[in-house]
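Peer 1:
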Amino acid sequence: MMDGPVFPDPNYRANVLAPLFETVKTHYADHMDTINRAHLVMLCETGILTAAQGQKIAAALSDIDQDIDLDELTYSGEFEDYFFLIEAELVKRLGDLGGMLHVGRSRNDMDHTMFRMALRGKAEQQFQRALDLAHSLIGKARIERDTLIVAYTHGQPAQPTTFGHYVAAIVEVLLRDAERLDAAMEVVDLCPMGAAAVTTTGFPIDRRRISDLLGFRAPAVNSYGCIASVDYITGLYSAIKLVFLHLGRVFQDMAQWSSFEVGQLHVPDSLVQVSSIMPQKRNPVSIEHMRLLASLVVGHCDTVLNVMHNTPFTDMNDSEAEVQQTGHMALDCGERVLSLLSSFIPSCSINSARISVNADQACITITELADTLVREEGLYFRQAHAVAASTARAVIANGQRLGSGYAAFSSAFTSETGRKTRLSEETYANAVMPDVFVARRDRLGGPSQTALESAFLDYENVLRSLQDRNSERAARREQANISLETAFNMLLKG
393 MMDGPVFPDP
403 NYRANVLAPL
413 FETVKTHYAD
423 HMDTINRAHL
433 VMLCETGILT
443 AAQGQKIAAA
453 LSDIDQDIDL
463 DELTYSGEFE
473 DYFFLIEAEL
483 VKRLGDLGGM
493 LHVGRSRNDM
503 DHTMFRMALR
513 GKAEQQFQRA
523 LDLAHSLIGK
533 ARIERDTLIV
543 AYTHGQPAQP
553 TTFGHYVAAI
563 VEVLLRDAER
573 LDAAMEVVDL
583 CPMGAAAVTT
593 TGFPIDRRRI
603 SDLLGFRAPA
613 VNSYGCIASV
623 DYITGLYSAI
633 KLVFLHLGRV
643 FQDMAQWSSF
653 EVGQLHVPDS
663 LVQVSSIMPQ
673 KRNPVSIEHM
683 RLLASLVVGH
693 CDTVLNVMHN
703 TPFTDMNDSE
713 AEVQQTGHMA
723 LDCGERVLSL
733 LSSFIPSCSI
743 NSARISVNAD
753 QACITITELA
763 DTLVREEGLY
773 FRQAHAVAAS
783 TARAVIANGQ
793 RLGSGYAAFS
803 SAFTSETGRK
813 TRLSEETYAN
823 AVMPDVFVAR
833 RDRLGGPSQT
843 ALESAFLDYE
853 NVLRSLQDRN
863 SERAARREQA
873 NISLETAFNM
883 LLKG
């Protein structure tokens, strides 16, 4: 007996049920159909349903799939949600037999299975985008292996390195982020089906079989955890967040480097917009759009994570379709960032003339002069550092190029040590050349040719391993689709 107004309340319908219905239509309806088919195959294979019953339900599912036009479907309130709409369609066609498809399962395990199926597809696509970007960046790093740039620390010119060395650093972080994302995807790729509401079922279901039919790598084991655990969500969005948080720092560099005052990065016209009023302006706003989108990804991921904070360890709507949709927004923005960056990095170039000017004005090779004095003159490092610092101050004050500052250096050396330097003017000039600076940094991880070539091989090995893992997932999913289609069609034929 009803104790009040008929369900659903108009406000509840408008603000909860109708939006959720649209979300299911957009992201999950196809996955629900796949789950229905896989569950039916498993029920028949285990003898819970007869072959004849399975044939009738399979035919009804096929008819429903043909008859329902999702684009035209709107929430009427007649049924609580999309699941009950489909079940009602089955019952309308088959009578009580239509309800037998739900034996051994619940909306709880179905929901989390659908969420995982949607997430794994989008996550694998984004993972592949990240791998493609890493491949592109390795290629760019090889091309720019010897291209000198000014490296900045604390916003100030620091030392010379190469654009290839800088891009290689991005590659390393991106590959580590990809490894974290790969690990998170392994958790997403566990199947909750068979957990039912929370404690499995008394029917002799085969959880491994339905997991295989749905293309998961394995069932998620503990049935309580299948429904209560949200680490497949928090782990994935934590990993995704880090990808774009880290890329956002690169975008900051790109913005600084392309500024008029620094000018070491040239962004091609295809990625530059003009001012509506100032004809001299070249606005590399593509960088700003990537930075904005990366920040949106981080924000959406934080929303998902914050929603999970202090929620009960049980079945709850907080982890379901509403927040899942926010996660999809993160993934969609991420796709746009990775696509843009894949065009941006290969097409941009370094302004070598500006690098030369900035390097001289900021005396960025002075560290190598100090090192040379330790090696060639036998000075203690702090002595050598004092001579180098005095030399830099003098040439900057005189408006000289560092390479032309031998007299200033000689005076500083004598003042600090009480003797004349044994370095010739040629040796001095060679010590402060940017390409010499880079070539001498041939230790592991340095910017020299040999160090970088060794690093490139390591990156390619890691990338190959990650690509193999993603290919294995795709192959397993494809084989599962074939197996399910074959088994379902056998039911249809009887």
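In the working numbering, the protein residues as written are 393 to 886.
The beta-carbon is built from N, C-alpha and C at its ideal position, and this holds for glycine as well.
1. For Gly-655, which option in Asp-569, Arg-497 and Ser-744 has the closest C-alpha, if you only look at C-alpha atoms?
2. Where in the segment 719–760 do unbroken runs of the alpha helix (DSSP H), each at least 4 residues long, occur, reported from the N-terminal end onward?
3. How is Tyr-467 classed by DSSP in three states: helix, strand or coil?
4. To which residues of the same chain is Ala-823 closer than 6 Å at the C-beta, ignoring the five residues directly before and after it?
5. Whether or not the segment 710–725 and the segment 671–681 are in contact is what I'm after, with contact meaning three or more pairs of Cβ atoms, one per stretch, closer than 8 Å; do they touch?
6. Please confirm whether Arg-497 and His-431 have their CB atoms less than 8 Å apart.
7. Following the continuous alpha helix (DSSP H) through Ile-619, name the residue where it begins and the one where it ends.
8. Express the C-alpha separation of Leu-815 and Arg-774 in angstroms, rounding to a whole number.
9. What does the Cβ neighbour count give for Leu-849, buried or exposed, with the cut at 16 atoms within 10 Å?
10. Excluding the 5 residues flanking Arg-429 on each side, which residues of the same chain have their C-beta closer than 7 Å to its C-beta?
11. Are there three or more Cβ pairs, one per stretch, closer than 8 Å when the segment 503–511 is compared with the segment 830–842?
12. Between Phe-829 and chain B, is the shortest Cβ-Cβ distance under 8 Å, so that the two count as touching?
13. Measure the alpha-carbon distance for Asp-425 versus Leu-606 and round it to whole angstroms.
14. Among Asp-860, Val-787, Ile-874 and Gly-797, which has the Cα closest to the Cα of Asp-524?
15. With a threshold of 6 Å on Cβ separation, who are the neighbours of Tyr-558 within its own chain once the five nearest residues in sequence on each side are excluded?
16. For Phe-399, which option in Phe-471, Glu-817, Leu-477 and Pro-552 has the closest C-alpha, if you only look at C-alpha atoms?
17. In angstroms, rounded to a whole number, what distance separates the CA positions of Ala-751 and Val-779?
18. Can the beta-carbon of Asp-473 be found closer than 8 Å to that of Phe-555?
19. Please report the Cβ distance between Gln-551 and Ala-561, rounded to the nearest whole angstrom; I am assuming they are in contact, meaning their Cβ atoms lie under 8 Å.
20. Measure the CB-CB distance between Leu-685 and Val-635 and report whether it falls below 8 Å.
21. Here's the rule I'm using: 16 or more other beta-carbon atoms within 10 Å means buried, otherwise exposed. How should Ser-857 be labelled?
22. Using only the alpha-carbon positions, how far apart do Leu-657 and Val-749 sit?
23. Report the rounded CA-to-CA distance for Ala-587 versus Ala-612, giving the unit in angstroms.
24. Ignore the nearest five residues each way along the sequence and tell me which others in Phe-595's own chain have a CB closer than 7 Å to its CB.
25. On the three-pair Cβ rule with 8 Å, is the segment 568–584 touching the segment 510–528?
26. Exposed or buried, Gly-886, counting other C-beta atoms within 10 Å across all chains shown (16 or more means buried)?
27. Please say whether Ala-821 and Thr-549 have beta carbons closer to each other than 8 Å?
28. Rounded to whole angstroms, what's the CA-CA distance from Met-393 to Phe-519? Just pull it up for me.
29. Rounded to the nearest angstrom, how far is the Cβ of Pro-660 from that of Cys-583, given a contact under 8 Å?
30. Please report the straight-line C-alpha distance between Lys-812 and Phe-829, rounded to a whole angstrom.
31. Buried or exposed: which applies to Met-670, given that a residue is buried once 16 or more other Cβ atoms fall within 10 Å of its Cβ?
32. For Val-666, is the classification buried or exposed, using 16 other Cβ atoms within 10 angstroms of its Cβ as the cut-off for buried?
33. Assuming Thr-706 is part of the beta strand (DSSP E), what are its boundary residues?
34. Tell me the start and end of each unbroken alpha helix (DSSP H) in the segment 800–882 that is at least 4 residues and wholly inside, in chain order.
35. If I measure Cβ to Cβ from Ile-490 and keep anything under 6 Å in the same chain, skipping five residues before and after, which residues do I get?
Peer 2: Checking against the coordinates, here is how it stands:
1. Ser-744
2. 744–754
3. coil
4. Glu-760, Leu-761 and Thr-764
5. no
6. yes
7. 615–620
8. 18 Å
9. exposed
10. Leu-453, Leu-876 and Phe-880
11. no
12. Absent here is chain B; the protein component of the structure consists of one chain.
13. 11 Å
14. Asp-860
15. none
16. Phe-471
17. 19 Å
18. no
19. Contact doesn't hold; Cβ gap of about 14 Å is too wide.
20. no
21. exposed
22. 14 Å
23. 9 Å
24. Ile-440, Val-495 and Gly-496
25. yes
26. exposed
27. One detail in the question is off: residue 549 reads as Pro in this sequence, not Thr. Result no, Cβ atoms of Pro-549 and Ala-821 do not sit closer than 8 Å.
28. Here the model assigns Met-393 a pLDDT of 46, short of 50, so the residue's position is not dependable, and the following value carries that caveat. Cα to Cα, the separation comes out at about 52 Å.
29. Actually they are not in contact, since the Cβ atoms of Pro-660 and Cys-583 sit about 47 Å apart, beyond 8 Å.
30. 24 Å
31. exposed
32. exposed
33. Where Thr-706 is concerned, there is no enclosing beta strand (DSSP E), given that its DSSP letter is neither H nor E.
34. 817–823 and 826–832
35. Before going on, a small fix: residue 490 reads as Gly here, not Ile. Counting only Cβ-Cβ distances below 6 Å, and skipping sequence neighbours, we find Leu-482 and Val-483.
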